[in-house]
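Structure first, commentary second.
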Amino acid sequence: MSFEQLRSACASSLNLSPDVSKNLFFYWKGRVALYAYLLALNLCDGDEVIIPGLTCVVVPNAIIYTGAKPIYADIRRETLTLDLQSVEKNISSRTKLIIIQNTFGLSADVIALVELAHERGITVIEDCAHGFGGFYQGKPNGTIADAAFFSTQWNKPFSTGLGGFLLVNNSDMALRVKYVNRALMRPSWKELLSIRSSMFAHSYILTDSNYFKMVKLFRLLSKYDLVTGSSSAEEMLSVIKPNAYFKAMSNLQVRVGVSGINTLPSVLKLRKKAALAYRNVLSSSNKWHVSTEHDENNSHLKFPVLVRNRVEFIKRAENARIRLSDWFISPIHPVTTHFDRWHLSIKDIPVASEVASKLLTINTEVTEPDRVCQFLKDNMDLLL
Ligand SMILES: *Cc1c(COP(=O)(O)O)cnc(C)c1O
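No gaps in the numbering here: position 235 of the sequence shown is 230 in the numbering used here, and each next residue is one more.
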C-alpha cells in the first residue's frame, strides 16, 4: 500500500502519465537505481560511460562494477554542470551512455546534451540526485532523457533515510529493468535497525548548535561502519562491488518517504527564498555565484560558494553557527587520493578540479536567511 502511495506521489511530482508511472522502480540507494539501469543496458567490458568531472564516487563505482569505464567530461564554471563541448570531445565509438548530472539543484543543458547523444546513438540518463522537484524548460527534472535516477538519502530533495529510485522513460528498457530487478535482495534486519536509529538521530537531535559536532561524529562512526552512512568505507577505498549491494527499498523507507514528499513544496519555497537572498549578497559584491541563466529551473538544494581558504571559512561558519557542507570538494567526492583506481586523471578536467578545490555549499533549508546573508557580508574577504 505505502509503495503505491510513494509511487503515485513521485509520479504526480514528475507529471507522469499512468503508463509511465509504472516505470518507477525503488531501491536501497540512488546508486543502486543507477546500477540497475546500467545492468539493463547490458554494458560490456570496455564500454564507456561519460560522466561529469564533479560527482559522487558512487557514480563511477556503479559503472566500474559492470565492467564499463567512466570517462570524465569537464564542467562549466558558471553552472557546475556538464560542458557540452567537453562531452563531445570525449565521445568515442565505445560510448554507450552519458550521465547528465543536476548539480545542487541546477540542471545541465539537458536538451542540447540529449540531442547530441541521440544523434550519435548514445543513451542518456539524468543523475537527478539533487534535482527532484525542479524543472527544465517547463518539464519536471528527469523526464527529458531516456531515464533518470534520484536519491532520497538524508540530504537530498526529500528523504527516505537512505534510498533512491529510477524512472525509465522507454517501455522496452523498463521491461529489461524489471528483469534485472528479479535479482534484488532485501535489506537485512541489521541494516533496517541501523537505518531506523539514524532516522531517529536525524529527526530529533540535529540543531544549529550541535550540527557540526554531530556531522563529525556521524562521519567517524560511518567510516568504521558503525552506522549506516551513505557510503561504506569499502566504496571509498576500492572499486570492488560491496556484498549485498543490489538491494530494494524497504517498507520502512517507503513510509518515511511518503511523509517527506508531501512537505517538499514548502521546503522548495524555503530553499529558493534563501538562495536568492544569498545570491543578491554575492552578486552585489561581484563574487562568484552560480549562473542565473536557468534560474527558473534551479531548485537550490544547496548554495555553492567558492572560497579562498576552506579550512578558515569552515571555522568561521562553525563559530557563527552557519550550516554548510563540504560536498564535492573532490572531483569524485569524497575520495581524494588514488584517482587512477577510478580511471580519473585530473588534468583532463581542469575546471572541475579547480572548482573542487574551492567549493563549499551553504544550507538553503533555513528559516533565517538574513543571518546567513550577514555571515556572507562579514566574510567577503574569503569569498572568490
Ligand atoms: C547522492 C548522490 C548520488 C548517490 O545517491 P545515493 O542515494 O547516496 O546512492 C549520486 N549522484 C549525486 C550527484 C549525488 O549527490
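All C-beta atoms, glycine included, are put in the ideal place defined by N, C-alpha and C.
### Query
Ends of the alpha helix (DSSP H) at Pro345?
345 to 351
### Message
For the pair the segment 305 to 316 and the segment 26 to 42, tell me if three or more CB-CB distances fall below 8 Å.
### Response
no
### Task
Might you give, ordered along the chain, the residues of its own chain that have their beta carbon closer than 7 Å to the beta carbon of His197, omitting 5 neighbours on each side?
Trp149
### Leu354 (DSSP reduced to helix, strand or coil)
strand
### Query
Which partner residues of Lys242 appear in the DSSP bridge assignment?
Met180
### Task
Pick helix, strand or coil for Ile317, following the three-state DSSP scheme.
coil
### Task
Report yes if the C-beta of Asp376 is less than 7 Å from at least one heavy atom of ligand 1; otherwise report no.
no
### Task
Less than 8 Å between the CB atoms is what I'm expecting for Ala270 and His295, so what's the real figure, rounded?
4 Å
### Task
Kindly indicate which residue of Pro13, Tyr67, Ser8, Asn37 has the alpha-carbon position closest to the one of Ala347.
Tyr67
### Message
Please state the DSSP three-state secondary structure of Gln96.
### Response
strand
### Task
Indicate whether the contact test is met: 3 or more Cβ pairs, each with one atom in the segment 131 to 146 and one in the segment 235 to 243, closer than 8 Å.
no
### Message
With DSSP as the reference, identify every bridge partner of Ile159, one or two as the case may be.
### Response
This sequence places Gly at residue 159; Ile is not what is there. Tyr22, Ser146.
### Task
Using DSSP bridges, identify the partner residues of Pro135.
Phe130
### Message
Could you check whether Gln248 and Gly126 sit closer than 8 Å to each other, using their CB atoms as the reference points?
### Response
no
### Residues near Gln0 by beta carbon distance below 7 Å, same chain, minus five either side
Val253
#### Entry: For Leu161, the nearest candidate out of Leu179, Phe195, Pro182, Cys123 (CA to CA)
Cys123
#### Entry: Spatial neighbours of Ala35 in its chain, beta-carbon cut-off 7 Å, leaving aside the 5 residues before and after
Met168, Arg171, Val172, Val175
### Query
Any chance the segment 257 to 268 sits against the segment 321 to 330, with 3 or more Cβ pairs inside 8 Å?
no
### Query
Of the choices Leu378, Leu259, Leu187, whose alpha-carbon is the least far from that of Ser282?
A quick correction: the sequence has Lys, not Ser, at residue 282. Here the closest residue by C-alpha is Leu378.
### Message
Using 8 Å as the threshold, is the C-beta distance between Pro135 and Leu232 below it?
### Response
no
#### Entry: Leu259 (DSSP reduced to helix, strand or coil)
helix
### Query
Do you know whose CA, among Cys51, Leu215, Phe99, Ser(-3), lies nearest Ile293's CA?
Note on identity: in this sequence residue 293 is Asn, with Ile being the wrong assignment. The candidate whose alpha carbon is nearest that of Asn293 is Phe99.
#### Entry: Rounded C-alpha distance that separates Cys51 from Thr359
20 Å
### Message
I want to check one thing, is the minimum distance from the CB of Ser146 to the heavy atoms of ligand 1 below 7 Å?
### Response
yes
### Task
Compare the C-alpha of Ile357 against each of Ile139, Leu301, Glu121 and name the closest.
Leu301
### Message
Strictly under 8 Å for the Cβ-Cβ distance: is Lys211 near chain B by that measure?
### Response
In the structure shown, chain B does not exist; there is a single protein chain.
### Task
Could you please give the first and the last residue of the uninterrupted beta strand (DSSP E) stretch that includes Val300?
297 to 301
### Task
Work out the CA separation of Arg274 and Arg303 for me, nearest whole Å.
18 Å
### Query
Using a Cβ-Cβ cut-off of 6 Å (strictly less than) and excluding sequence neighbours within five positions of Asn37, which residues of its own chain qualify?
none
### Task
Can you grab the Cα-Cα spacing for the pair Glu291 / Leu79, in whole Å?
21 Å
### Task
Put Leu77 into one of helix, strand or coil per three-state DSSP.
strand
### Query
Based on Cα-Cα distance, which residue from Asp365, Leu19, Pro329, Pro299 lies nearest to Thr76?
Pro299
### Message
So, for Ile73: in the same chain, excluding its five sequence neighbours on each side, which residues have a beta-carbon less than 6 Å away from its beta-carbon?
### Response
Checking the sequence, you will find Glu at residue 73 rather than Ile. The answer, listed in chain order, is Ser286.
### Message
Per the DSSP calculation, Thr50 is bridged to which residue(s)?
### Response
Ile327
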